[in-house]
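J.: My questions will all concern the structure given below.
Numbering (my numbering), first residue to last: 511 to 719.
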């Protein structure tokens with residue numbers, strides 16, 4: 511099976527307190543089929559809409575600035591902000607995928623367990639858990655991953671989402687040609703920082719072979 515990847519460098523954003531990583535795989539075919547050398551679509555078509563207009567107000571997506579809410583509530587706020595940005599760009603909202611939720615949970619767990627903030631945490635390819643979840647199945651697929659961690663105010667939903675939208679690679683995934691998203695927020699010790707908010711988002715879609 512052939513895959514093509516587009517890997518971005520590591521970003522340090524917001525006074526180096528929020529650290530982000532974004533990665534995407536071009537469409538790939540399973541069962542030994544070849545791969546067209548195309549990349550995930552960029553967000554360039556959406557540049558007419560300003561970034562600030564794509565950030566949901568608190569009244570639309572509650573819970574985006576709090577740190578004490580349950581993880582599930584913060585994850586829901588992140589989904590809300592993601593769908594708001596896509597709607598503002600003329601895109602359909604993401605469907606929820608239990609399989610991508612599962613792979614995101616496993617990836618965030620790897621980051622904390624191996625103390626390795628990387629798309630290749632614990633020595634695995636970024637697609638490892640997406641494959642293990644059974645998401646790929648047969649035929650053609652696209653996959654992307656956004657990772658972030660922050661401490662204190664830099665770990666809030668709004669802070670992380672604003673940083674992602676300010677980064678072309680991460681915004682490309684959020685506004686990309688995907689149909690589904692899985693998300694996980696974990697709290698733990700990372701790179702010497704206690705109580706880090708670690709975010710993992712997996713994007714995916716299936717297409718014709």
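Just so it is clear, CB atoms sit at the ideal spot from N, CA and C, and this is done for glycine as well.
Since this is a predicted model, take the numbers as computed values, not measurements.
1. Are at least three pairs of beta-carbons, each pair with one atom in the segment 625-635 and one in the segment 679-689, less than 8 angstroms apart?
2. Just verifying my parser: in three-state terms, what is the DSSP assignment at residue 621?
3. For residue 569, count neighbouring C-beta atoms within 10 Å of its own C-beta (all shown protein chains included) and say buried if the count is 16 or more, exposed if not.
4. Within the continuous alpha helix (DSSP H) that includes residue 670, where are the two ends?
5. Could you compute how far the alpha carbon of residue 660 sits from the alpha carbon of residue 717?
6. Cα-Cα, which of 712, 708, 629 is closest to residue 698?
7. Identify which residue in 652, 590, 666, 581 has its Cα closest to the Cα of residue 713.
8. Mapping the DSSP letters down to three states, classify residue 717 as helix, strand or coil.
9. Return the bridge partner residues of residue 588 from the DSSP annotation.
10. Roughly how many angstroms lie between the CA atoms of residue 655 and residue 622, to the nearest whole one?
11. Taking the alpha-carbon positions, what's the residue 578 to residue 705 distance?
12. Looking at the secondary structure, which residues open and close the beta strand (DSSP E) in which residue 655 lies?
T.: Reading from the atomic positions:
1. no
2. helix
3. exposed
4. 667-676
5. Cα to Cα, the separation comes out at about 34 angstroms.
6. 708
7. 652
8. strand
9. DSSP output for residue 588 lists no bridge partner at all.
10. 16 angstroms
11. 12 angstroms
12. 650-660
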